[in-house]
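Enquirer: For the sequence shown, my numbering begins at 3 and goes up steadily by one. This is the structure, below, for whatever I ask next.
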Amino acid sequence: MLFNRRHDDSSRDSVPREKRAEDACDESLASIDPAAEKRALRKVDWHVLPVVFLFYLFSFLDRSNIGNGRLYGLEEDLGLKGDQFQTATSILFATYVSCQLPASWLVKTWHPSRFIGGIAMLWGIIASLTGLTQNYGQLIACRLLLGLAEGPGFPVFVIYLTLFYSRRELAFRFAYLIAGGALAGALGGIIAYGIGHMDGVQGYRAWRWLLIIEGIPSFCLGVVVWFYLADSPEDAWFLNPEERRFIATHRYRDVREATNPSAQTLKRSDVIAALKDWKIWAFVIQDFGSDVQLFSYSIFLPTIVQAIQPEWSSLNVQALTIPCYVWTTIVFFAVAYISDALQRRAVFMIGGASASIIGHIMLIAGKSVAVKFLGCFFIGTGLYVASGIGIVWMPSNLPRYGKRTTAVGMQLMLGNSGGIPAPYLYPTSDGPRYTMGHAVTIAVLALGIVMDAALWAGMSRTNRRRKAGLEDYKLEGRTEEEVDGLGDDSPRYIYVT
Numbered sequence: 003m004l005f006n007r008r009h010d011d012s013s014r015d016s017v018p019r020e021k022r023a024e025d026a027c028d029e030s031l032a033s034i035d036p037a038a039e040k041r042a043l044r045k046v047d048w049h050v051l052p053v054v055f056l057f058y059l060f061s062f063l064d065r066s067n068i069g070n071g072r073l074y075g076l077e078e079d080l081g082l083k084g085d086q087f088q089t090a091t092s093i094l095f096a097t098y099v100s101c102q103l104p105a106s107w108l109v110k111t112w113h114p115s116r117f118i119g120g121i122a123m124l125w126g127i128i129a130s131l132t133g134l135t136q137n138y139g140q141l142i143a144c145r146l147l148l149g150l151a152e153g154p155g156f157p158v159f160v161i162y163l164t165l166f167y168s169r170r171e172l173a174f175r176f177a178y179l180i181a182g183g184a185l186a187g188a189l190g191g192i193i194a195y196g197i198g199h200m201d202g203v204q205g206y207r208a209w210r211w212l213l214i215i216e217g218i219p220s221f222c223l224g225v226v227v228w229f230y231l232a233d234s235p236e237d238a239w240f241l242n243p244e245e246r247r248f249i250a251t252h253r254y255r256d257v258r259e260a261t262n263p264s265a266q267t268l269k270r271s272d273v274i275a276a277l278k279d280w281k282i283w284a285f286v287i288q289d290f291g292s293d294v295q296l297f298s299y300s301i302f303l304p305t306i307v308q309a310i311q312p313e314w315s316s317l318n319v320q321a322l323t324i325p326c327y328v329w330t331t332i333v334f335f336a337v338a339y340i341s342d343a344l345q346r347r348a349v350f351m352i353g354g355a356s357a358s359i360i361g362h363i364m365l366i367a368g369k370s371v372a373v374k375f376l377g378c379f380f381i382g383t384g385l386y387v388a389s390g391i392g393i394v395w396m397p398s399n400l401p402r403y404g405k406r407t408t409a410v411g412m413q414l415m416l417g418n419s420g421g422i423p424a425p426y427l428y429p430t431s432d433g434p435r436y437t438m439g440h441a442v443t444i445a446v447l448a449l450g451i452v453m454d455a456a457l458w459a460g461m462s463r464t465n466r467r468r469k470a471g472l473e474d475y476k477l478e479g480r481t482e483e484e485v486d487g488l489g490d491d492s493p494r495y496i497y498v499t
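Pasting the structure below:
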């Protein structure tokens, strides 16, 4: 069994993971066989990235399919009035964000395989049961529970990827996680188009079938993850001992904090340092703005497309959302690859947010159907670039584990709070232009650009000072281990910008 293979070396469990990583790093940092390391990294890609991709794909589907269901009569069948649909959409994020910071702290305490597998099974059940709701109250209850089940997954996977990959590899690998969300939009449109033909089967409306069916794959994925996913590189059943050593070494090659075990544990001082770091708060503000766009677009793209040409049928609208998400996915993979190759983050985030702003302007001011539909593609150009690259940029610049996990939790918990106001930006009464929604999104994206520029300038200035030796006074009276333990405050540490 895969379970037995993953845990077959019981003697290893008595040695702390941090100590194993430290020993591996010290023994082989200078003598890695590049070909063997490449083979080991390829194995990690094949075993980890498909799980990462499917996890977020199913999570995003189950969270946002309520927007597709709206076109198939969900509001009418449940008797929703006024802004009750927006409330049902928004309220998920109240529980979704509340558990993200605690999950970030506890990721090393719990086995990721058990934790991720368990929540996937749980939210799959809840997602399917949402299709059986009969009134507004039941819908609200299901959305709250769905947010509680899905919330911990994203920060856990963000931190999980940093256990296997160095900061020079993170953006492209993280693209697989984000691509799951992007393709969920395209796949959601395809599934919604097909299930739309099931309206009335067994007496159920199409929106009910949509929610019931889309929850099943999540449950199945949870079962597989429970037995399949490796909890850490040191426990990876698909790697031999030498390959485990390679992965443990290579991920610390450009950041030597692995030589200081205290830097890889959660400490109160790291939590306080994260709360005091202006850069983390800038990332939070930027992420909030990009997530306002991300969540409103993922829920209301069918509504926006319908408003472009009201004569289009619901089935045609579902089909027309597909190319928008395909384009979004292609752009993000390309940008993530180039960003990793150049080790540049800010310029791509600013460019992506600017493209999205142009798209919103086209939807407000455009006169023709073609211009407005093209605007949806401009929005998609920056949709995941503006949010996804930032989620990689921040943790890759925080080598201390405690500060990194706290920062990731803060960024995702407060940033994802953008999902709370997002559903209210596109009320039916504001159609067909939805000027308020587009204008608010432009404003928060512009604020995000300011934050990106400030981070770029601040980190670049610090890098110049460190390269010029202006911060070497921090080395005085410190041992090598103490210098390593300074994390991103070390005068030897150079930020990725």
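For glycine and all other residues, C-beta sits at the position ideal for the given N, C-alpha and C.
1. Take L76 and list the residues in its own chain whose beta-carbon comes closer than 6 Å to its own, dropping the five residues that flank it on each side.
2. Between which two residues does the alpha helix (DSSP H) holding P157 run?
3. Are at least three pairs of beta-carbons, each pair with one atom in the segment 326–338 and one in the segment 268–278, less than 8 Å apart?
4. On the three-state DSSP scale, how would you describe A459?
5. Evaluate R494 with the Cβ neighbour count: other Cβ atoms within 10 Å of its Cβ, from every protein chain shown; 16 or more gives buried, anything less gives exposed.
6. Expressed to the nearest angstrom, what Euclidean distance is found between the alpha-carbon atoms of V452 and S92?
7. Comparing alpha-carbon positions, which option in S431, Q308, T443 lies nearest G84?
8. Taking P243 as part of the alpha helix (DSSP H), name the residues at either end of that continuous run.
9. Quick one, are the C-beta atoms of F334 and I180 less than 8 Å apart?
10. Going by DSSP in three states, W395 sits in which element: helix, strand or coil?
11. For T464, is the classification buried or exposed, using 16 other Cβ atoms within 10 angstroms of its Cβ as the cut-off for buried?
12. Does the beta-carbon of W2 have 16 or more other beta-carbons within 10 angstroms, so that it is buried, or is it exposed?
13. Indicate whether F174 and A336 have their beta-carbon atoms separated by less than 8 Å.
14. Would you kindly work out how many angstroms separate the C-alpha atoms of T89 and Y98, rounded to a whole number?
15. Taking the beta carbon of Q136 as the centre, do at least 16 other beta carbons fall within 10 Å, making it buried, or is it exposed?
16. Below 8 Å, how does it come out for the segment 436–444 and the segment 128–142: are there three or more Cβ pairs, yes or no?
17. May I ask you to report which of helix, strand or coil DSSP gives E216?
18. Over what stretch of residues does the alpha helix (DSSP H) that includes A309 continue unbroken?
19. If you drop the 5 nearest sequence neighbours on each side, which residues of the same chain put their C-beta closer than 6 Å to that of Y162?
20. Secondary structure at F379, three-state DSSP: helix, strand or coil?
21. Determine the closest residue to W280 out of V53, D64, L94, G460, with distance taken between C-alpha atoms.
22. Which ranges does the beta strand (DSSP E) cover as unbroken runs of at least 3 residues, wholly within the segment 60–106, from first to last along the chain?
23. Around the Cβ of V109, are there at least 16 other Cβ atoms within 10 angstroms (buried) or fewer (exposed)?
24. Let's test the definition: count the other Cβ atoms within 10 Å of the Cβ of D289 and tell me whether it reaches 16, buried, or not, exposed.
25. List the endpoints of the continuous alpha helix (DSSP H) containing G133.
26. To the nearest angstrom, how far is it from the Cα of L472 to the Cα of L344?
Expert: Walking through what the data contain:
1. The residue labelled residue 76 in the question sits at position 74 within the sequence shown. Excluding positions up to five away in sequence, the list reads W209.
2. Counted from its first residue, the sequence shown places residue 157 at position 155. From DSSP, the alpha helix (DSSP H) with P157 extends over 155–166.
3. The segment 326–338, when compared against the segment 268–278, does not touch it at the 8 Å Cβ threshold.
4. Translated into positions along the sequence shown, residue 459 becomes position 457. If DSSP states are grouped into helix, strand and coil, A459 belongs with the helices.
5. On the sequence shown, position 492 is the one that residue 494 refers to. Counting Cβ neighbours within 10 Å, R494 comes out exposed, since fewer than 16 surround it.
6. Residue numbering aside, residue 452 sits at position 450 when the sequence shown is read from its first letter. Residue numbering aside, residue 92 sits at position 90 when the sequence shown is read from its first letter. Distance between the alpha carbons of V452 and S92: 27 Å.
7. For this step, residue 84 is matched to residue 82 along the sequence shown. Considering only alpha carbons, the answer is S431.
8. Residue numbering aside, residue 243 sits at position 241 when the sequence shown is read from its first letter. Looking at the DSSP string, the run of the alpha helix (DSSP H) that includes P243 is 243–252.
9. Walking along the sequence shown from the start, residue 334 turns up at place 332. Walking along the sequence shown from the start, residue 180 turns up at place 178. For F334 and I180, yes; Cβs fall inside 8 Å.
10. Position 393 of the sequence shown holds residue 395. Here W395 sits in helix by DSSP.
11. Walking along the sequence shown from the start, residue 464 turns up at place 462. By the 10 Å Cβ count, T464 comes out buried.
12. No information on residue 2 is available, as it lies outside the stretch 3 to 499 that the chain covers here.
13. To locate residue 174, count along the sequence shown from 1; it is residue 172. To locate residue 336, count along the sequence shown from 1; it is residue 334. Contact flag unset, no.
14. As a working mapping, residue 89 is identified with position 87 in the sequence shown. As a working mapping, residue 98 is identified with position 96 in the sequence shown. Distance between the alpha carbons of T89 and Y98: 14 Å.
15. Within the sequence shown, the letter at position 134 stands for residue 136. It counts as exposed.
16. no
17. The count along the sequence shown starts at 1 and reaches residue 216 at position 214. Taken through DSSP and simplified to helix, strand or coil, E216 comes out as helix.
18. Looking up residue 309 in the sequence shown gives position 307. Per DSSP, A309 belongs to the alpha helix (DSSP H) from 280–310.
19. Mapped onto the sequence shown, residue 162 falls at position 160. Only P114 meet the Cβ criterion.
20. In the sequence shown, the residue the question calls residue 379 occupies position 377. DSSP places F379 in helix when its eight states are reduced to three.
21. Taking the first residue of the sequence shown as position 1, residue 280 is located at position 278. Nearest option by C-alpha distance: G460.
22. Here no run is fully enclosed.
23. Walking along the sequence shown from the start, residue 109 turns up at place 107. Answer is buried; the Cβ neighbour count reaches 16.
24. Locating residue 289 in the sequence shown gives position 287, where the first residue counts as 1. Result: buried.
25. To locate residue 133, count along the sequence shown from 1; it is residue 131. Looking at the DSSP string, G133 is not in any alpha helix (DSSP H), and its letter there is neither H nor E.
26. Within the sequence shown, numbered from 1, the residue matching residue 472 stands at position 470. Within the sequence shown, numbered from 1, the residue matching residue 344 stands at position 342. Approximately 26 Å between the Cα atoms of the pair.
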